[in-house]
Amino acid sequence: MTFIPKDWRPRDGELGDKCILVTGAGDGIGRAAALAFAKYGAEVLLLGRTEAKLEAVYDEILAQGGTRPAIVPADLAKTGHDELQALAGELSHSLPKLDGLLHNASILGDRKPLAQTSAAKWHETMQVNVNAAFMLTQAMLPLLEQAPSASIVFTSSGVGRRGRAYWGGYAVSKFATEGLMQVLADELGGISAIRVNSLNPGAVNTAMRRTAYPAEPPHTNPDPSELMASWVFLMSDSSSQVHGQALNAQD
Ligand code: NDP
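With our numbering, you'll find the sequence shown wraps up at 815, consecutive numbering, no jumps.
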């Protein structure tokens, strides 16, 4: 059972008047989430490292009649505190508030035994999957506080809830992601209108999944666009009471 109420369906304009920042918006789950948020009326800020992919999503959103999105080029492996604070400063000139933040961008890192994991790959995995999410959250909190009911979603994984051999820094980064969610949720509970949750997508047919499981036929797993109800629900006011939870998008 997923966490979405059984009879819940997003209505037209479910996310109207909301502005949502999606990291890793150019491909896979982030791309599908950006398209779904726009379909239900949100203005989407598309953050990612490959501009051509972000431009393609931008065009798709306009083609489906969505609100004009914004492209935010950023390589989270190389972006630090100062750049993210500057980005928040720039956004605050044009945006009165930020209603949603989907931390989706991640890398797999080394799929090797820990004994053979390179320190450089370990650091890069932690940087993209955890450190950048921490710094981006910190930078965006003032804008999120301006929204009447903001939602932060951290993207987790099954291996972030139970460790598994050869998932290395990726698994450890997802445990840290859960920790980041829990600490922030506990800090904000009762004093803020921001809700904070983690979402494990389950197995989804994306480039990351195909890299992690090269022998698996791709269509074993659903395409990201088939699963977007969970992401839309978590960004909609329908989930305003869902806070501090580690959620699963699939049974
Ligand atoms: P993909 O690899 O298909 O897409 C990841 C996206 O993140 C891409 O757009 C990629 O950009 C972007 N990204 C990667 N590194 C950076 C970086 N340094 N800076 C900015 N953007 C970056 O992954 P998925 O869509 O499969 O995964 C999305 C999330 O879901 C991840 O957090 C993943 O851990 C999680 N997840 C996925 C599962 C699955 O089965 N697919 C299962 C469990 C969890 P670019 O396009 O340029 O490569």
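We put the CB at the ideal spot given by N, CA and C, even for glycine.
Fair warning: this is a prediction, and the values are worked out from it, not measured in the lab.
Query, Result
"Per-residue burial, residue 644 [other beta carbons within 10 Å of its own, 16 or more giving buried]", "exposed"
"Nearest candidate by alpha-carbon position, reference residue 659, set 623, 672, 809, 708", "708"
"For residue 590 and residue 681, the rounded distance between their alpha carbons", "28 Å"
"Simplified DSSP state of residue 607, which is helix, strand or coil", "strand"
"Length-filtered (4 minimum) alpha helix (DSSP H) runs lying within the segment 586-671", "592-603, 615-627, 645-658"
"Candidates 692, 621, 704: closest to residue 603 by CA position", "621"
"Nearest-angstrom beta carbon gap, residue 761 and residue 702 [assumed within contact, 8 Å]", "About 18 Å; that fails the 8 Å criterion."
"Residues sharing a beta bridge with residue 763, DSSP", "719, 811"
"Residue(s) in a DSSP beta bridge with residue 584", "608, 664"
"Classification of residue 823 by the beta-carbon crowding that lies within 10 angstroms, buried from 16 upward", "The structure shown does not extend to residue 823, since the chain is modelled only from 565 to 815, so the question has no answer here."
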